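Student:
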Amino acid sequence: MDDKVIKILIVDDSGFMRMVLKDIIEKQKDMKVVGIAKTGLEGVEKAIQLKPDVITMDVEMPELNGLEAVKIIMKKRPTPIIMVSSLTSKDSEITIEALENGAVDFIQKPAGSVSWTFRTVADELLEKIRNAAKVDVTKMTMRRIKPKKPRISTMLRGQKIVLIASSTGGPRSLDTIIPNLPKGINVPVVVVQHMPPGFTNSLAKRLDKISELHVKEAEDNEELKPDTVYIAPGNYHLGLKASGSKVYTFLDQSDKINNVRPAADFTFDLAAEIYKSNIIAAVLTGMGKDGAKGAFKIKHYGGKIIAESKETCVVYGMPKAVVEENYADFVLPNYEIADKIVELLGGK
1 MDDKVIKILI
11 VDDSGFMRMV
21 LKDIIEKQKD
31 MKVVGIAKTG
41 LEGVEKAIQL
51 KPDVITMDVE
61 MPELNGLEAV
71 KIIMKKRPTP
81 IIMVSSLTSK
91 DSEITIEALE
101 NGAVDFIQKP
111 AGSVSWTFRT
121 VADELLEKIR
131 NAAKVDVTKM
141 TMRRIKPKKP
151 RISTMLRGQK
161 IVLIASSTGG
171 PRSLDTIIPN
181 LPKGINVPVV
191 VVQHMPPGFT
201 NSLAKRLDKI
211 SELHVKEAED
221 NEELKPDTVY
231 IAPGNYHLGL
241 KASGSKVYTF
251 LDQSDKINNV
261 RPAADFTFDL
271 AAEIYKSNII
281 AAVLTGMGKD
291 GAKGAFKIKH
301 YGGKIIAESK
311 ETCVVYGMPK
321 AVVEENYADF
331 VLPNYEIADK
341 IVELLGGK
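Residue 1 is where the sequence shown starts when you use the UniProt record's numbering, and the numbers rise one by one after that.
(1) Please state the DSSP three-state secondary structure of Val-70.
(2) Since I believe Thr-285 is in contact with Ser-173 (beta carbons under 8 Å), could you give me their beta-carbon distance rounded to a whole number of angstroms?
(3) Tell me, which residues are paired with His-300 by DSSP?
(4) Buried or exposed: Pro-233, going by 16 or more other Cβ atoms within 10 Å of its Cβ?
(5) Which of helix, strand or coil does DSSP assign to Ser-153?
(6) What are the boundary residues of the beta strand (DSSP E) that includes Asp-339?
(7) Output yes or no for whether 8 Å exceeds the beta carbon distance between Glu-93 and Ser-166.
(8) Can you tell me whether Gly-43 is buried or exposed, with buried defined as 16 or more other CB within 10 angstroms of its CB?
(9) By a C-beta neighbour count over all protein chains shown, 10 Å radius and 16 as the cutoff for buried, is Ala-242 buried or exposed?
(10) Could you tell me which residues DSSP pairs with His-237 in its beta bridges?
(11) From Gly-66, Val-34, Thr-88, pick the residue whose C-alpha is nearest to that of Asp-13; which is it?
(12) State the Cα-Cα distance for the pair Ala-124 and Ile-107, rounded to the nearest angstrom.
(13) Quick check: does the Cβ of Ile-6 come within less than 7 Å of any heavy atom belonging to the ligand ATP?
(14) Quick one: give me the first and last residue of the alpha helix (DSSP H) that Glu-93 is part of.
(15) Helix, strand or coil for residue 352? Go by DSSP, reduced to three states.
(16) Report the rounded CA-to-CA distance for Ile-298 versus Asp-220, giving the unit in angstroms.
(17) Can you tell me which of the three DSSP states Gln-49 falls into?
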């Protein structure tokens with residue numbers, strides 16, 4: 001087999017889905033299905049035996065679900081894994097947890113667990129497989145350093161805002177940053193994570209359970225409150241608008257920016273007009289350049305920009321664009337970002 005051919009293991013309990021995935025993949029000259037597994041347990045065994053370059057992993061399966069299979073594979077034979085998830089509350093929650101435990105990315109089945117319309121996302125699947133094959137899997141298995149939570153002796157001044165942009169690999173970095181922001185920072189935090197509807201809500205709920213700050217999916221026309229993290233909902237740009245001394249959210253379904261919606265550039269641009277120099281923005285792991293134009297505008301007004309360093313990025317794309325344009329004031333591994341945010345807010 002040609003070294004350039006991506007070897008793929010399909011793990012799915014649905015015979016139909018296995019057939020569709022295999023058909024989509026094997027039409028590509030640069031891909032080859034080297035194995036098929038019907039259960040999570042069989043998937044683990046074949047991952048070790050066949051040594052694939054990429055694994056597509058169903059979420060709900062007998063014997064061992066996708067999350068548990070991911071955990072074992074990442075310990076025994078680390079491999080880039082793409083979760084194949086249906087849009088149910090349970091599946092989206094498991095998918096988010098799988099991303100935090102080593103899965104590289106996920107793709108959503110268009111309509112339920114056995115979808116006759118899965119071919120509509122074929123191009124997206126193939127792009128994700130090619131991108132996953134390039135990921136340095138050691139980034140997914142790095143021992144995550146538990147940062148010391150910054151202490152704040154007094155309530156920080158308000159009138160500031162923290163903005164965070166993330167994409168592929170983002171849930172892992174957010175899982176390191178958000179729970180380590182202490183209550184009492186007294187500012188709102190707005191997160192733009194590239195994800196479809198449903199998954200952003202699951203991400204918000206999971207982070208809320210492990211954080212001192214309140215984490216929620218943003219709603220339309222909602223006043224920004226201090227000590228609250230707002231996750232941009234999937235398929236909507238998240239805008240900010242000022243009314244007197246208050247700032248409100250709004251949801252927007254205008255065209256995609258940087259081929260994504262929500263886009264960080266949309267949020268960063270509007271926030272810069274309102275908060276001027278009182279912004280701390282962090283651009284985390286992800287493909288593409290979303291956040292770079294917004295970072296430029298924030299810098300123009302005197303705000304501060306943090307870029308996640310290559311050391312902890314699953315995909316060093318979005319932060320790299322910010323660094324290469326010299327917009328970054330600080331380039332830090334994800335486990336140092338919460339501490340820097342608090343320091344910049346005046347809490348140390």
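Glycine is no exception: its CB is placed at the ideal position from the N, C-alpha and C atoms.
These figures come from a predicted structure and were not determined experimentally.
Tutor: Reading from the atomic positions:
(1) Correct three-state label for Val-70: helix.
(2) Their Cβ separation, rounded to whole angstroms, is 6 Å, which keeps Ser-173 and Thr-285 in contact under 8 Å.
(3) His-300 is not bridged to any residue.
(4) Pro-233 comes out buried.
(5) Because Ser-153 carries a pLDDT of 49, less than 50, the predicted location of this residue cannot be relied on, and the following value inherits that uncertainty. In the structure shown, Ser-153 sits in coil (DSSP, three-state: anything other than H, G, I, E or B).
(6) Run containing Asp-339: none in the beta strand (DSSP E); it sits in the alpha helix (DSSP H), 334-345.
(7) No.
(8) It is buried - the Cβ of Gly-43 has at least 16 other Cβ atoms within 10 Å.
(9) Exposed: under 16 other Cβ atoms inside 10 Å.
(10) Per DSSP, Asp-252.
(11) Taking only the C-alpha atoms, the option nearest Asp-13 is Gly-66.
(12) Correcting the residue identity first, residue 124 is Glu in this sequence and not Ala. Cα-Cα distance, rounded: 8 Å.
(13) Ligands in the displayed structure: none, and consequently the ligand ATP is not present.
(14) Where Glu-93 is concerned, the enclosing alpha helix (DSSP H) stretches over 89-100.
(15) This structure cannot speak to residue 352, because the chain is shown only from 1 to 348.
(16) The straight-line gap separating the alpha-carbon atoms of Ile-298 and Asp-220 is approximately 24 Å.
(17) DSSP, read as helix, strand or coil, puts Gln-49 in helix.
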